[in-house]
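Going down the list, the protein sequences come from chains A and B.
For any residue, its number in our numbering is found by taking its place in the first sequence, counting from 1, and adding 521.
For any residue, its number in our numbering is found by taking its place in the second sequence, counting from 1, and adding 18.
Everything on this sheet refers to the single structure shown next.
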Amino acid sequence: MIDAIAEPLSHTFFLRALIAAVLVGTVCAVVGTYVVLKGLAFIGDAISHAAFPGVVVAFMVGGSFYLGAGIAAVATALAIGLVSRRGGIRADTAIGVLFAGTFALGVFLFSTLDGYVGDLFSFLFGYLLSIGPEDLAALAILGSLVLAVVVVLWKELLYATFDPLGAAASGLRVDLLEYLFLALVALTIVISLQAVGIILVVAMLVTPAATAQLLTVRFRSLMAAAVLVGVGGAVAGLYLSYWLDAATGATIVLLETALFLVALALGPRTGLLARRRPPVDVASA
Amino acid sequence: MSESSEAPPFDPHSHPHDHPAERRLANVDAGRDPGHARAHADVWLSDVTVGYGDKIALEHVDLAVEAGTLLAVVGPNGAGKSTLLRIMAGLLRPWTGRVEVLGHPAGQQARRIAYVPQAELVDWSFPVTVEDVVMMGRYPALGPLRRPSERDRRTVTDALERVGMTAFATERIGALSGGQRRRVFLARALAAEPDLFLLDEPVTGIDATTQEDLMDLLEAEARRGKTVIATTHDLACAAQRFQRVLAVNRTLIAHGPSALVLDPAVLARVYGGHLLVLGGQAVVIDDAHHHDEADSGEAHFHEGGRGERRP
Numbered sequence: 522m523i524d525a526i527a528e529p530l531s532h533t534f535f536l537r538a539l540i541a542a543v544l545v546g547t548v549c550a551v552v553g554t555y556v557v558l559k560g561l562a563f564i565g566d567a568i569s570h571a572a573f574p575g576v577v578v579a580f581m582v583g584g585s586f587y588l589g590a591g592i593a594a595v596a597t598a599l600a601i602g603l604v605s606r607r608g609g610i611r612a613d614t615a616i617g618v619l620f621a622g623t624f625a626l627g628v629f630l631f632s633t634l635d636g637y638v639g640d641l642f643s644f645l646f647g648y649l650l651s652i653g654p655e656d657l658a659a660l661a662i663l664g665s666l667v668l669a670v671v672v673v674l675w676k677e678l679l680y681a682t683f684d685p686l687g688a689a690a691s692g693l694r695v696d697l698l699e700y701l702f703l704a705l706v707a708l709t710i711v712i713s714l715q716a717v718g719i720i721l722v723v724a725m726l727v728t729p730a731a732t733a734q735l736l737t738v739r740f741r742s743l744m745a746a747a748v749l750v751g752v753g754g755a756v757a758g759l760y761l762s763y764w765l766d767a768a769t770g771a772t773i774v775l776l777e778t779a780l781f782l783v784a785l786a787l788g789p790r791t792g793l794l795a796r797r798r799p800p801v802d803v804a805s806a
Numbered sequence: 019m020s021e022s023s024e025a026p027p028f029d030p031h032s033h034p035h036d037h038p039a040e041r042r043l044a045n046v047d048a049g050r051d052p053g054h055a056r057a058h059a060d061v062w063l064s065d066v067t068v069g070y071g072d073k074i075a076l077e078h079v080d081l082a083v084e085a086g087t088l089l090a091v092v093g094p095n096g097a098g099k100s101t102l103l104r105i106m107a108g109l110l111r112p113w114t115g116r117v118e119v120l121g122h123p124a125g126q127q128a129r130r131i132a133y134v135p136q137a138e139l140v141d142w143s144f145p146v147t148v149e150d151v152v153m154m155g156r157y158p159a160l161g162p163l164r165r166p167s168e169r170d171r172r173t174v175t176d177a178l179e180r181v182g183m184t185a186f187a188t189e190r191i192g193a194l195s196g197g198q199r200r201r202v203f204l205a206r207a208l209a210a211e212p213d214l215f216l217l218d219e220p221v222t223g224i225d226a227t228t229q230e231d232l233m234d235l236l237e238a239e240a241r242r243g244k245t246v247i248a249t250t251h252d253l254a255c256a257a258q259r260f261q262r263v264l265a266v267n268r269t270l271i272a273h274g275p276s277a278l279v280l281d282p283a284v285l286a287r288v289y290g291g292h293l294l295v296l297g298g299q300a301v302v303i304d305d306a307h308h309h310d311e312a313d314s315g316e317a318h319f320h321e322g323g324r325g326e327r328r329p
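Here it is in structure tokens:
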């Protein structure tokens with residue numbers, strides 16, 4: 522057993538993947554906590570798909586993956602913010618249009634390239650085990666940046682999420698915080714793309730916080746539990762995929778989903794054991 | 019209250035579509051020199067018109083509220099009560115007209131203002147405790163990075179004690195009753211130590227004891243020179259507990275001492291056919307659960323589910 526855990530660590534590619542998994546698991550869980558509380562899971566999905574054309578263009582011109590994905594994702598995130606603040610149409614409709622349109626652009630651009638089917642697969646589903654040293658460095662820098670912003674502004678983000686009107690009236694720049702937050706979501710998605718790919722990244726963002734929400738009702742412990750689920754799922758998924766020789770991103774997401782289902786079944790409020798207790802959530806006027 | 023009809027503040031038979039100049043006479047204090055009113059006002063509005071999308075919510079509002087006033091804003095559903103509060107809070111920009119709050123253009127003195135939204139606009143499933151919510155009142159003054167100090171904590175403890183919620187400090191906000199939630203939000207407002215309280219429906223849908231407690235607190239704040247402006251559906255509360263009343267229905271209909279404004283004849287004009295007068299006491303026949311015209315995309319939260327965005 523100890524061998525099974527220690528053996529992979531003798532490979533540098535596995536060590537790099539492990540560090541990336543811990544970083545991605547942490548950043549996704551922290552930002553994902555706000556995403557879940559704001560009810561923005563759909564926006565996360567849209568931003569990750571919108572990153573695809575950026576990735577393809579970066580690939581075509583031989584530019585940086587992070588630059589391509591980052592520009593596309595942040596631009597889409599800010600466009601979503603603009604549309605949902607000022608647009609005359611419903612935000613979810615606009616997001617649906619942007620989501621499919623940008624992804625189609627990525628597929629279209631990709632189809633003009635010859636013979637890169639293997640790369641398409643890694644864009645869509647991640648390639649954590651083959652992450653390079655430069656990619657890992659970029660991931661670490663961007664991840665630390667995102668975490669630093671949350672450390673500085675967690676109170677303000679919390680207040681603006683809980684009661685945007687009260688927060689704005691008391692002088693917080695709720696509009697700027699909203700745009701900043703969307704940019705943070707975009708950066709989080711960009712650094713997670715290599716781990717789990719475009720299709721599954723939304724799970725990294727949403728599932729740990731959703732699981733934590735079933736277990737606790739305090740903001741701080743919720744974020745802590747989300748980080749635990751996110752990092753635990755990523756590390757365990759990495760090992761499992763190595764042992765089973767299965768797709769890493771999918772294994773991580775499957776593990777996190779399993780944890781969510783366990784929490785759903787056994788959690789204090791939703792679980793089978795809680796069913797017999799009277800609901801505590803009913804508010805009287 | 020019925021006696022006050024012997025001294026009618028203005029002609030109750032005039033119509034809402036009167037000439038604007040005449041309409042302004044509806045302000046009971048209109049005789050006062052406007053420059054004087056502005057200089058002494060905590061909240062001053064001049065010919066303010068505002069709406070959502072292309073719909074007008076309030077038009078031609080002139081208003082001066084003196085410091086230390088306990089003012090109720092009454093009017094039927096959709097009359098623009100919440101809109102008026104949002105204008106004062108700097109959350110909405112008027113289409114035309116000028117707004118000064120605490121001596122500066124609206125929005126500039128935000129840290130001296132505590133605004134409490136309607137209960138339906140808050141996501142009660144949020145994972146925060148009672149003391150977390152009250153501490154939010156301290157956040158704007160704290161600024162980024164700084165952690166709450168001993169003084170901040172003491173202010174929160176004091177505020178919780180004043181609203182009688184000390185025992186619930188570590189409870190989740192969503193586990194409380196409607197009245198307890200209103201107490202906690204008032205505690206958040208108190209913890210911000212503002213000069214101006216803007217409260218949207220602070221006493222709607224809560225029990226009589228809570229209503230009396232909260233009104234005692236607001237009265238105490240007004241006595242300390244703070245200005246308290248609250249919208250309400252409860253005309254009896256407005257008459258008994260507020261010094262002054264502002265009646266709105268798409269524009270300012272009447273403004274003055276509560277006894278004068280809550281005259282049945284005045285109310286008839288504010289509420290149209292939705293008013294029933296029983297033995298000198300006016301009763302509004304009105305759907306109590308209603309939101310004023312709201313911004314598109316604004317989330318409303320009701321028990322048992324997440325907010326739905328308005329189309």
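We put the CB at the ideal spot given by N, CA and C, even for glycine.
Length of the line joining the Cα atoms of residue i and residue j
{"i": "B:VAL117", "j": "B:VAL79", "result": "10 Å"}
{"i": "B:ASN267", "j": "B:ASP213", "result": "27 Å"}
{"i": "A:VAL619", "j": "A:ALA562", "result": "As written in the sequence, residue 619 of chain A is Leu, which differs from the Val given in the question. Each residue's alpha carbon lies about 15 Å from the other."}
{"i": "B:ARG324", "j": "B:VAL148", "result": "Because B:ARG324 carries a pLDDT of 43, less than 50, the predicted location of this residue cannot be relied on, and the following value inherits that uncertainty. Going by the C-alpha atoms only, they are around 20 Å apart."}
{"i": "A:ILE710", "j": "A:VAL783", "result": "26 Å"}
{"i": "A:ILE540", "j": "A:ILE720", "result": "22 Å"}
{"i": "B:VAL246", "j": "B:ALA209", "result": "15 Å"}
{"i": "B:VAL83", "j": "A:ALA747", "result": "48 Å"}
{"i": "A:LEU693", "j": "B:GLN136", "result": "19 Å"}
{"i": "A:GLY718", "j": "B:PRO145", "result": "30 Å"}
{"i": "A:GLY770", "j": "A:LEU714", "result": "9 Å"}
{"i": "B:LEU194", "j": "A:SER569", "result": "38 Å"}
{"i": "A:THR791", "j": "A:LEU736", "result": "9 Å"}
{"i": "B:PHE186", "j": "B:GLY223", "result": "20 Å"}
{"i": "A:LEU660", "j": "A:LEU544", "result": "8 Å"}
{"i": "B:ALA240", "j": "B:ALA75", "result": "29 Å"}
{"i": "B:LEU235", "j": "B:ALA286", "result": "31 Å"}
{"i": "B:ASP252", "j": "A:LEU708", "result": "49 Å"}
{"i": "B:THR250", "j": "B:VAL91", "result": "6 Å"}
{"i": "B:VAL288", "j": "B:LEU102", "result": "16 Å"}
{"i": "B:ALA257", "j": "B:ALA205", "result": "24 Å"}
For residue i: DSSP bridge partner residues
{"i": "A:TRP493", "result": "Outside the modelled stretch of chain A, which goes from 522 to 806, sits residue 493 of chain A, for which no answer is possible."}
{"i": "B:VAL91", "result": "B:THR249 and B:LEU264"}
{"i": "B:GLY69", "result": "B:ILE74"}
{"i": "B:VAL61", "result": "B:VAL83 and B:VAL119"}
{"i": "B:THR101", "result": "For B:THR101, which the question treats as bridged, DSSP gives no partner whatsoever."}
{"i": "B:THR114", "result": "B:THR67"}
With 16 other Cβ atoms within 10 Å as the buried cut-off, status of residue i
{"i": "B:ALA226", "result": "exposed"}
{"i": "A:GLY777", "result": "A small fix is needed here, since residue 777 of chain A is Glu in this sequence, not Gly. Buried."}
{"i": "A:PHE633", "result": "Note that residue 633 of chain A is Thr in the sequence shown, not Phe. That one is exposed."}
{"i": "A:LYS559", "result": "buried"}
{"i": "B:PRO94", "result": "buried"}
{"i": "B:HIS122", "result": "exposed"}
{"i": "B:ARG262", "result": "buried"}
{"i": "A:ASP635", "result": "exposed"}
{"i": "B:GLY71", "result": "exposed"}
{"i": "A:ALA525", "result": "exposed"}
{"i": "A:MET522", "result": "exposed"}
{"i": "B:GLU168", "result": "exposed"}
Distance cut-off 8 Å: residue i Cβ against heavy atoms of the ligand ZN
{"i": "B:ILE191", "result": "Only the bare structure without any ligand can be found here, which leaves the ligand ZN out of the picture."}
Best match in the options for proximity to residue i [C-alpha to C-alpha]
{"i": "B:GLN126", "options": "B:VAL61, B:GLN198 and B:ARG169", "result": "B:VAL61"}
{"i": "A:PRO529", "options": "A:VAL774, A:PHE781 and A:LEU761", "result": "A:LEU761"}
{"i": "A:LEU679", "options": "B:THR173, B:GLY192 and B:TYR157", "result": "B:TYR157"}
{"i": "B:LYS244", "options": "B:VAL174, B:GLU230, B:LEU178 and B:ALA85", "result": "B:ALA85"}
{"i": "B:ARG180", "options": "B:ALA207, B:ARG165 and B:ALA193", "result": "B:ALA207"}
{"i": "B:SER64", "options": "B:MET106, B:ASP72 and B:LYS73", "result": "B:MET106"}
{"i": "B:ARG172", "options": "B:LEU163, B:THR184, B:ILE74 and B:ASP218", "result": "B:THR184"}
{"i": "A:PHE534", "options": "A:ASP684, A:SER691, A:LEU787 and A:LEU759", "result": "A:LEU759"}
{"i": "A:GLY553", "options": "A:THR772, A:ALA621, A:ASP766 and A:ALA733", "result": "A:ALA733"}
{"i": "B:ALA128", "options": "B:GLU219, B:ALA159 and B:ALA205", "result": "B:ALA159"}
{"i": "B:GLU138", "options": "A:GLY602, A:LYS676, A:LEU660 and A:LEU686", "result": "A:LEU686"}
{"i": "A:PHE740", "options": "A:LEU726, A:LEU785, A:TYR763 and A:THR682", "result": "A:THR682"}
Legend entry - Entirely enclosed beta strand (DSSP E) segments - the region 117-190 of chain B, minimum 3 residues: 131-134
Legend entry - Segments of 3+ residues assigned as beta strand (DSSP E) that fall wholly inside the region 201-289 of chain B: 214-217, 245-249, 262-266 and 270-275
Legend entry - Within the region 624-666 of chain A, ranges of the alpha helix (DSSP H) (whole runs, at least 4 residues): 638-646
Inset, instruction - Would you mind listing the alpha helix (DSSP H) stretches within the region 564-627 of chain A that are 4+ residues and don't spill past its ends, in chain order? - result: 586-607
Inset, instruction - Return the residues of the region 153-168 of chain B that lie within a Cβ-Cβ distance of less than 8 Å from chain C, sorted by chain order. - result: Checking the listed chains, one finds no chain C in this structure; the protein chains it contains are A and B.
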